[in-house]
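Encoded as structure tokens, the structure appears first; notes follow it.
Numbering (UniProt numbering), first residue to last: 1 to 221.
Shown next, in the form of structure tokens:
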């Protein structure tokens, strides 16, 4: 029987100025577009990190970021941060974060999973324990929300077509009853779908205090 490893989770967080640009048509309709966009990006990150920290197999969450607001936020939640010293894109940042963790079971997790439940991540990590490298494709089937490596290099291949890239590189595709883990938020329709599943407290609080965003998402009637 395969033992359940203790997992370190690495989450990348871009600078707010360049994060989630496809959501700007939504936040641009608010009274203060810049602050609304930053608040939305940070809310998505907060709910993702909080869910990961609350997942039983996870012993630490390391956020790779050069964004001071993101670093301050996740530290308050209980995560550790490392700077994006490579400054060479997402995959280099994830490899850098993986080198900074304590154990040899590491998972790279997208930063925009506001509907993620701790039990969903636990189930996915449990399924990943039997293989050296695994991944979970996003709801569209083309991207990746979770990549795991146990006792072997992470070798992230995030970017366009990352699900196929990870498959081609030998990672095993996982599937299961974890809808929140599949629902990363890149565009307005993704955020609507996440809200329908039920988002975490940070995103929920943001919508509750921003009627303009809530109405556009169908969260208010």
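All residues carry an ideal CB built from backbone N, CA and C; glycine is no exception.
In angstroms, rounded to a whole number, what distance separates the CA positions of residue i and residue j?
i	j	result
residue 55	residue 102	17 Å
residue 205	residue 8	28 Å
residue 87	residue 197	34 Å
residue 214	residue 23	14 Å
residue 137	residue 164	9 Å
residue 125	residue 119	10 Å
residue 6	residue 150	10 Å
residue 50	residue 111	11 Å
residue 44	residue 173	25 Å
residue 186	residue 18	13 Å
Could you pull the start and end residues of the alpha helix (DSSP H) that residue i belongs to?
i	result
residue 185	Segment: none, residue 185 is in no alpha helix (DSSP H) and carries neither H nor E.
residue 42	33–53
residue 154	That residue, residue 154, is in no alpha helix (DSSP H); it is neither H nor E in DSSP.
residue 120	118–128
residue 165	162–168
Using 8 Å for Cβ pairs, my map puts residue i next to residue j. What's the rounded Cβ distance?
i	j	result
residue 14	residue 67	7 Å
residue 212	residue 29	6 Å
residue 132	residue 152	5 Å
residue 184	residue 145	5 Å
residue 122	residue 57	5 Å
residue 143	residue 162	5 Å
residue 98	residue 195	About 32 Å separates the two Cβ atoms, so there is no contact after all.
Cutting at 7 Å between CB atoms, please list the residues of its own chain near residue i, excluding the five before and the five after it.
i	result
residue 46	73, 77, 202
residue 53	61, 77, 78, 79
residue 93	12, 64, 84, 86
residue 27	33, 36, 37, 40
residue 156	91, 94, 95, 108, 147
With 16 as the cutoff for other CB atoms within 10 Å, does residue i come out buried or exposed?
i	result
residue 38	buried
residue 104	exposed
residue 177	exposed
residue 175	exposed
residue 96	buried
residue 169	exposed
What residues in its chain sit with their C-beta under 8 Å from that of residue i, if we drop five residues either side in the sequence?
i	result
residue 199	47, 114, 115, 207
residue 25	188
residue 216	26, 29, 188
residue 16	37, 38, 41, 42, 67, 69, 70
Excluding the 5 residues flanking residue i on each side, which residues of the same chain have their C-beta closer than 6 Å to its C-beta?
i	result
residue 20	41
residue 128	134, 148
residue 193	183
For the beta strand (DSSP E) that residue i lies in, which residues bound it at each end?
i	result
residue 12	7–13
residue 81	80–82
residue 30	No beta strand (DSSP E) holds residue 30; DSSP gives it neither H nor E.
residue 18	Looking at the DSSP string, residue 18 is not in any beta strand (DSSP E), and its letter there is neither H nor E.
residue 133	133–137
Against chain C, does residue i count as a neighbour if the rule is that its beta carbon must be under 8 Å from one of theirs?
i	result
residue 110	Any reference to chain C falls outside this structure, which holds one protein chain only.
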